[in-house]
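Engineer: Quick one: structure below, then a few questions.
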């Protein structure tokens, strides 16, 4: 998802528009998480960027998207750019307790 989203609408109040934007992003994330994983992968992770424009977008965590949207509304930006790209990953195996004791 690479999208420039307007924060103004002729018929919707700003608060309802922001709720709609947040809901659409949440719906997109859930839809991507439901996709089948490639062979040998454990989970989906997301590479996210957010900014006033595509050129000014900075890397952020998925959990910070709503905070950045609220900040854009507080700054009264006319629009913002959000990029969310899904990527399949593997969990790193945790070192076992026995292996940690052998090293010590």
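Numbering (our numbering), first residue to last: 172 to 275.
C-beta atoms are modelled at their ideal positions from N, C-alpha and C, and glycine is treated no differently.
These figures come from a predicted structure and were not determined experimentally.
Starting from residue 245 and walking both ways along the alpha helix (DSSP H), at which residues does that stretch end?
Structural biologist: First-last of the alpha helix (DSSP H) with residue 245: 236–245.
Engineer: Using three-state DSSP, classify residue 229 as helix, strand or coil.
Structural biologist: Three-state result, residue 229: strand.
Engineer: To the nearest angstrom, how far is the alpha carbon of residue 226 from that of residue 267?
Structural biologist: Cα-Cα distance, rounded: 44 Å.
Engineer: Quick check: the Cα distance between residue 242 and residue 204, rounded to an integer number of angstroms?
Structural biologist: Distance between the alpha carbons of residue 242 and residue 204 is about 26 Å.
Engineer: In whole angstroms, give me the CA-to-CA distance for residue 180 and residue 255.
Structural biologist: In a straight line, the C-alpha of residue 180 is about 23 Å away from that of residue 255.
Engineer: When the Cα atoms are used, what is the spatial distance from residue 201 to residue 194?
Structural biologist: Roughly 11 Å between the two C-alpha positions.
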